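Visitor: Read in order, the letters of the sequence shown correspond to residues -24 to -1, 1 to 194 in mature numbering (1 follows the signal peptide of the UniProt record, and there is no 0).
Positions of the beta carbon are idealized from the N, C-alpha and C atoms, including for glycine.
Source: prediction; values computed, not measured.
Sharing a structure below in structure tokens format, with a few things to ask.
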Amino acid sequence: MNWFTICNICLFVTSTALLALAYARPVSDAVCTRQLFSYSPALEAVEYHEEDYKGVFHQPSIYRGRPTDEIDEHWRKLWDYGGFNVPYDKLYLLNRSTETPWQRTPEEFGGGATAMLWGFHQLHCLDLVRQGVYRHVYEEKGKVIPAFDGPEYLVLMHIDHCIELMRIHMQCHIDTTPYLVKIDDSVPVGYKAEFSSHHKCRNYEKVRNWVIDHTAIP
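Below is the structure:
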């Protein structure tokens, strides 16, 4: 066997080994997130953790119950934030055209398209549905909710819009996490669902802080 053949064999073996190592190397959460979800500059803020939901029917929460100014403020702080910059050269990743007259951010923030976070809109919608459920409470207090200050057909259209978008989102990102059913002789049917299930979650605070730090349009 001549040296040329030996060198070719060595090169082939080395290349194969390097390729195998590349495929064997674990893929990071960040890489997976970019592959599995729509483009967003906010993806750089995404981190994951595991937790058990607190899902029992009577679970205390700062977001539950008859509306008060304090509860309303907790909800507002979940979603009421400004817009950020999406570079024009990234719009194709969102299946959008640069020919559309998008609102532009100030040049100091990039001068691209103004964008809002979809997750915040979903939380706004959930808040609106919550306020709709307790609409009579606000009326009793004489408190005007801007979304309800208008013709009734527009109020209901807004609520329907929110419900429809939440449905679309939930179907698009259908959660395959199992929740289990346990035997419980204290209830009439003898069993009940365990809604305090285990999930892999994004760190909401990290994403919210990213939006606050990158707000271009208040």
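(1) Comparing alpha-carbon positions, which option in E26, W186 and T44 lies nearest H112?
(2) Closer than 8 Å is the cut-off here; do at least three beta carbon pairs connect the segment 170 to 188 with the segment 66 to 77?
(3) Please name the residue, chosen from C177, K168, V187 and H97, that lies closest to T153 on a Cα-to-Cα basis.
(4) Taking the alpha carbon of Y39 as the reference point, which residue from Y24, K53 and D160 has its own alpha carbon closest?
(5) By how many angstroms is the C-alpha of Q98 removed from the C-alpha of E46?
(6) Look at the Cβ atom of F171, then the Cβ atom of Y29, and state whether they are nearer than 8 Å.
(7) Just confirm the distance between the C-beta atoms of Y57 and I193, as a whole number of angstroms; I'd bet it's less than 8 Å.
(8) Label I135 either buried or exposed according to how many other C-beta atoms from any shown protein chain fall within 10 Å of its C-beta, with 16 as the threshold for buried.
(9) Looking at the structure shown, is I150 part of a helix, part of a strand, or coil, going by DSSP?
(10) Taking buried to mean at least 16 other C-beta atoms within 10 Å of its own C-beta, is F60 buried or exposed?
(11) Just the C-alpha distance for E37 and F13, rounded to the nearest angstrom, thanks.
Guide: Checking against the coordinates, here is how it stands:
(1) T44
(2) The answer is no - the segment 66 to 77 does not touch the segment 170 to 188, with fewer than three Cβ pairs under 8 Å.
(3) The option with the nearest alpha carbon to T153 is C177.
(4) K53
(5) 21 Å
(6) yes
(7) Rounded to whole angstroms, the Cβ separation of Y57 and I193 is 10 Å, and the two are not in contact under 8 Å.
(8) buried
(9) coil
(10) buried
(11) Strictly speaking, residue 37 in this sequence is Ser, with Glu absent from that position. Roughly 30 Å separates the two Cα atoms.
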